[in-house]
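Input: a single structure, listed below in structure tokens.
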Amino acid sequence: MKIIILGAGQVGTSAAEMLAVDNYEITLVDTKAEHLRALQDRLDIRTVVGSASYPSILQQAGADDADVVLAVTDRDEINMAACRICRTMFNTPT
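The sequence shown begins at 118 in this note's numbering and counts up by one.
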């Protein structure tokens with residue numbers, strides 16, 4: 118199962134850690150490159166640096182092929198926009 122997690126804060130990081138252990142294909146999206154690099158060094162995940170509200174970033178993360186997207190950034194407006202974009206442009210469950 119391919120899962121995109123938007124936001125690498127406490128919730129997103131915890132979700133990535135738990136799901137990566139269960140061998141899900143995880144892509145984590147965040148604007149903080151150094152934080153993503155540290156996570157990628159210790160977890161078997163893919164990362165994309167950028168804003169979760171940009172369609173091009175979501176496409177780069179694989180939204181057109183994902184089974185589900187978890188929007189857990191610290192900004193509700195970005196979570197809502199990202200979910201709407203994933204649903205309308207990529208037909209991805211959120």
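Beta carbons: idealized from backbone N, C-alpha and C, even for Gly. The model shown is predicted, which means the values in this text are computed figures rather than measured ones.
Notebook entry, point to check: Does the Cβ-Cβ distance between T211 and A188 come in under 8 Å?
Noted result: Along the sequence shown, read from residue 1 onward, the residue named residue 211 stands at position 94. Along the sequence shown, read from residue 1 onward, the residue named residue 188 stands at position 71. Cβ distance < 8 Å, so T211 and A188 count as in contact.
Note to self: Assuming the contact rule is C-beta atoms closer than 8 Å, R163 and T144 should be a hit. Round their C-beta distance to whole Å, please.
What the structure shows: By one-based count along the sequence shown, residue 163 stands at place 46. By one-based count along the sequence shown, residue 144 stands at place 27. About 4 Å separates the two Cβ atoms, so the contact holds.
Check: In chain order, what residues of the same chain lie with their CB nearer than 6 Å to the CB of G126, ignoring the 5 residues before and after it?
Finding: As a first step, residue 126 is located in the sequence shown; it is residue number 9 there, counting from the start. So the list reads D191, once near-sequence residues are dropped.
Margin query: Using only CA atoms, which one of N208, E194, D184 lies nearest to I122?
Written below: Taking the first residue of the sequence shown as 1, we reach residue 122 at position 5. Nearest option by C-alpha distance: D184.
Notebook entry, point to check: Can you give the Cα-Cα distance for E134 and F207, rounded to whole angstroms?
Noted result: For this step, residue 134 is matched to residue 17 along the sequence shown. For this step, residue 207 is matched to residue 90 along the sequence shown. Each residue's Cα considered, the two are about 25 Å apart.
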